[in-house]
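Chemist: Quick one: structure below, then a few questions.
Numbering (this note's numbering), first residue to last: 318 to 394.
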């Protein structure tokens, strides 16, 4: 009896594998190389804009100090 079931089970599993194919477990990478490069590009852009903004702010501060000193010297003369 068990031999009959064994033969039937093997026949069923083989036909199912032929029709459906074997189970395939394809796990995608969580973070791909393209995503990592995009993250790095965004970080570089953010740093560049922050740096340029701070440089511009410091230049404006320097100009305002120079103008303040010039007006102070004009007034004090």
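Glycine is no exception: its CB is placed at the ideal position from the N, C-alpha and C atoms.
1. Can you grab the Cα-Cα spacing for the pair residue 355 / residue 341, in whole Å?
2. Return the CA-CA distance between residue 330 and residue 323, expressed in angstroms with no decimal places.
3. So what's residue 345 in DSSP terms, helix, strand or just coil?
4. Roughly how many angstroms lie between the CA atoms of residue 320 and residue 337, to the nearest whole one?
5. Tell me where the alpha helix (DSSP H) around residue 323 begins and ends.
Modeler: This is what the structure holds:
1. Approximately 30 Å, taken between the alpha carbons.
2. Rounded to whole angstroms, residue 330 and residue 323 show a C-alpha spacing of 11 Å.
3. Residue 345: coil per DSSP, three-state reduction.
4. Roughly 25 Å separates the two Cα atoms.
5. Looking at the DSSP string, the run of the alpha helix (DSSP H) that includes residue 323 is 319-337.
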